[in-house]
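Participant:
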Amino acid sequence: MSRPRPFRPAFAALLAAALLAPALPVAARAEDGVKQADKQAGPAITVTTVKRDEIVQSVVVAGTMVARDEVLVTPEVDGLVITELLAEEGDRVAAGQVLARLSRTTLEVQRAQNEAQSRKAQAGIDQARAQIVEAQANREQADNAFERTKALRGSGNASQEMFDQRSAASRSAQARLNAANQALAMAEADLALSQAQGRDIEVRLGRTQIKAPRAGIVSRRTARQGAIAGMAAEPLFRIIADGAIELEAEIAEVELPRLRTGQAVAVTPAGSDTALAGEVRLIAPEVDRASRLGKLRVALAGNPPVALGSFARGVVETGRRNGLVLPLSAITYTRAGPTVQAVAGGKIATRKVALGLIGRGHVEIVSGVAEGDTVVARAGTFVRDGDVITPVASN
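Position in the sequence shown (first residue = 1) + 14 = this note's numbering.
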């Protein structure tokens, strides 16, 4: 009986090769088919759809919080000591409210002296009037005597000497009457001067009370008790008129034509997460020649409590519309103008578009595409007009 031959590895390898040989061309052909299909489908490109939505165009500005109107409170009398302070920084004050008081001692002494001078001037007037009455009586008596002497001289019963004496007495009485009238005028002038000085003293006494010219908030107080007040010195108080604080911001000159007074502004002070409502109140007519920046003032609604001098950022709304919207990344800018890469039937078709408002990373499409059209989300040099792509919708 013969034994079976042992299994040899070489023979097994040859058998496997023979069995697999017909399958290799089939696998290669399948792989080539997949590559050909991928080549015909084109690269995967992210696309987006033209939608109708509201777009808000805005300009960002930055600046400092300032008082709309700052009232400087200075003393109107010099050389008087501050004796009392009645207002502190941050206090809200009314118009006419007393903020501080100055020493009245010197002015009260002057008022007492003036009152004495006025009484003296009045006494001088009374005396001058009495002298006038006496002078008038003497003049009448002298005139009567002179008239009688003239009559007697005409009849030869009065001497020339008596005539001359009576004539001189008449003229002397008239001169004394004139002098009395002049004394009265001088006394009345002295009284008028004294009264004017008295009114000036009363005004200065009233000014020893430092009052708020307008209602508002005290932003700074430099007055110190015991200090000597002076009109040429630094103001004793600074008041934010009516408590109105606004943003003084700077903006590039190229943005100025887009701004108008009354436009809404969202103002966010430094350190705050809440935006304050405001509007453009004033646009400066001049641009700084060095920085090429213009200035504008933004009034805050409701006069919110904001620290003067603090930094703030504002967003000025320059336009708001409801229209066709695309991301800014979908726009390509060429020499011929802005374009988009529309996708129709898996192929790229470049279209020229007209743009409108731009804001928050999106742009309004005025013409060139319709609502629902598909365009490349990130336009650029990845694909060209007529290329075949596989659209992938953006999230």
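We put the beta carbon where it would ideally sit given N, CA and C, even for glycine.
Whole-angstrom Cβ separation of A266 and F251, contact assumed at under 8 angstroms?
Facilitator: Residue mapping note: residue 266 aligns to position 252 of the sequence shown, counting from 1. Residue mapping note: residue 251 aligns to position 237 of the sequence shown, counting from 1. About 37 angstroms separates the two Cβ atoms, so there is no contact after all.
Participant: For the pair the stretch 223-234 and the stretch 175-190, tell me if three or more CB-CB distances fall below 8 angstroms.
Facilitator: No: the two stretches stay apart, fewer than three of their Cβ pairs being nearer than 8 angstroms.
Participant: Return the chain-ordered ranges of every alpha helix (DSSP H) run that is complete within the stretch 51-105 and spans a minimum of 4 residues.
Facilitator: Counting only runs of 4 or more, we get nothing.
Participant: Considering only DSSP beta bridges, list what A193 is partnered with.
Facilitator: By one-based count along the sequence shown, residue 193 stands at place 179. None, per the DSSP bridge assignment.
Participant: When you compare only the Cα positions, how much space is there between N195 and Q150?
Facilitator: What you label residue 195 is simply residue 181 of the sequence shown in a count that begins at 1. What you label residue 150 is simply residue 136 of the sequence shown in a count that begins at 1. Taking the straight line from one Cα to the other gives about 10 angstroms.
Participant: Just to confirm before moving on: does the CB-CB distance between L338 and I379 stay below 8 angstroms?
Facilitator: In the sequence shown, residue 338 corresponds to position 324, counting from 1. In the sequence shown, residue 379 corresponds to position 365, counting from 1. Yes, these two residues count as a Cβ contact at 8 angstroms.
Participant: From D67 to N336, what distance separates their C-alpha atoms?
Facilitator: Reading the sequence shown from its first residue, position 53 is the one you call residue 67. Reading the sequence shown from its first residue, position 322 is the one you call residue 336. Approximately 5 angstroms, taken between the alpha carbons.
Participant: Would you say A229 and M79 are within 8 angstroms of each other, going by their C-beta atoms?
Facilitator: In the sequence shown, residue 229 corresponds to position 215, counting from 1. In the sequence shown, residue 79 corresponds to position 65, counting from 1. Not closer than 8 angstroms, so no.
Participant: Look up L273 in the DSSP assignment and say whether it is helix, strand or coil.
Facilitator: The residue you call residue 273 lines up with position 259 of the sequence shown. Here L273 sits in coil by DSSP.
Participant: Name the DSSP beta bridge partners of K309, please?
Facilitator: The count along the sequence shown starts at 1 and reaches residue 309 at position 295. According to DSSP, which records beta bridges pairwise, K309 is partnered with E264.
Participant: So what does DSSP say about L116, is it helix, strand or coil?
Facilitator: Your numbering for residue 116 matches position 102 in the sequence shown. In this structure, L116 counts as strand in the three-state DSSP scheme.
Participant: Would G400 be called buried (16 or more neighbouring beta carbons within 10 Å of its own) or exposed?
Facilitator: Here the question's residue 400 lines up with position 386 in the sequence shown. Exposed, since its Cβ has fewer than 16 Cβ neighbours within 10 Å.
Participant: Determine the burial state of A165: buried for a count of at least 16 other Cβ atoms within 10 Å of its Cβ, exposed for fewer.
Facilitator: Translated into positions along the sequence shown, residue 165 becomes position 151. Flag for A165 reads exposed.
Participant: What's the call for D387, buried or exposed, on a 16-neighbour Cβ count within 10 Å?
Facilitator: For the purposes of this step, residue 387 is identified with residue 373 of the sequence shown, where counting begins at 1. Flag for D387 reads buried.
Participant: Buried or exposed for T119, please, with buried defined as at least 16 other CB atoms from any protein chain shown within 10 angstroms of its CB.
Facilitator: Locating residue 119 in the sequence shown gives position 105, counting from the first residue. It counts as exposed.
Participant: Are the CB atoms of E293 and A278 nearer to each other than 8 angstroms?
Facilitator: Taking the sequence shown and counting its residues from 1, one reaches residue 293 at position 279. Taking the sequence shown and counting its residues from 1, one reaches residue 278 at position 264. Yes, the pair counts as a contact, with Cβ atoms nearer than the cut-off.
Participant: With a 10 Å radius around its C-beta and 16 neighbouring C-beta atoms as the bar for buried, classify D46 as buried or exposed.
Facilitator: Counting from one through the sequence shown, the residue named residue 46 turns up at place 32. Confidence in D46 is poor, its pLDDT being 49 and thus under 50, which makes the residue's placement too unreliable to answer from.
Participant: Can you give the Cα-Cα distance for D256 and H376, rounded to whole angstroms?
Facilitator: For the purposes of this step, residue 256 is taken as the residue at position 242 of the sequence shown. For the purposes of this step, residue 376 is taken as the residue at position 362 of the sequence shown. Spanning the two alpha carbons is a distance of roughly 41 angstroms.
Participant: In angstroms with no decimal places, state the Cα-to-Cα distance between L240 and L99.
Facilitator: Position 226 of the sequence shown, counting from 1, holds the residue named residue 240. Position 85 of the sequence shown, counting from 1, holds the residue named residue 99. For the record, residue 240 in the displayed sequence is Gly; it is not Leu. Approximately 10 angstroms, taken between the alpha carbons.
Participant: Quick check on the burial criterion: 16 or more other C-beta atoms within 10 angstroms. Buried or exposed for N128?
Facilitator: Counting from 1 along the sequence shown, the entry for residue 128 is found at position 114. The residue in question, N128, is buried, as its Cβ has 16 or more Cβ neighbours within 10 Å.
Participant: Taking all protein chains shown into account, decide if Q355 is buried (16 or more other Cβ within 10 angstroms of its Cβ) or exposed.
Facilitator: The sequence position of residue 355 within the sequence shown is 341, counting from 1. Looking at its Cβ environment, which holds 16 or more other Cβ atoms inside 10 Å, Q355 is buried.
Participant: Using a Cβ-Cβ cut-off of 7 angstroms (strictly less than) and excluding sequence neighbours within five positions of L371, which residues of its own chain qualify?
Facilitator: Working through the sequence shown from its first residue, we reach residue 371 at position 357. So the list reads I69, Q71, G333, R335, E378, once near-sequence residues are dropped.
Participant: Within a Cβ cutoff of 7 angstroms, which residues of the same chain sit near A142, ignoring the five residues on either side of it in sequence?
Facilitator: On the sequence shown, residue 142 is found 128 positions in, with the first residue counted as 1. Here the set comprises A194, A197, L198, A201.
Participant: Quick one: is A368 buried, meaning 16 or more other Cβ sit within 10 Å of its Cβ, or exposed?
Facilitator: On the sequence shown, residue 368 is found 354 positions in, with the first residue counted as 1. Exposed: under 16 other Cβ atoms inside 10 Å.
Participant: Taking 8 angstroms as the cut-off, decide whether the C-beta atoms of Q136 and L205 are in contact.
Facilitator: Translated into the one-based positions of the sequence shown, residue 136 becomes position 122. Translated into the one-based positions of the sequence shown, residue 205 becomes position 191. Yes, Cβ-Cβ distance for Q136 and L205 is below 8 angstroms.
Participant: Tell me which same chain residues have a C-beta within less than 8 angstroms of the C-beta of R153, skipping the five on either side of it?
Facilitator: Here the question's residue 153 lines up with position 139 in the sequence shown. S184, A187, Q188, R190, L191.
Participant: Going by DSSP, which residues form a beta bridge with Q223?
Facilitator: On the sequence shown, residue 223 is found 209 positions in, with the first residue counted as 1. Partner(s): R115.
Participant: DSSP three-state call for A206: helix, strand or coil?
Facilitator: Residue 206 sits at position 192 when you count from the first residue of the sequence shown. If DSSP states are grouped into helix, strand and coil, A206 belongs with the helices.
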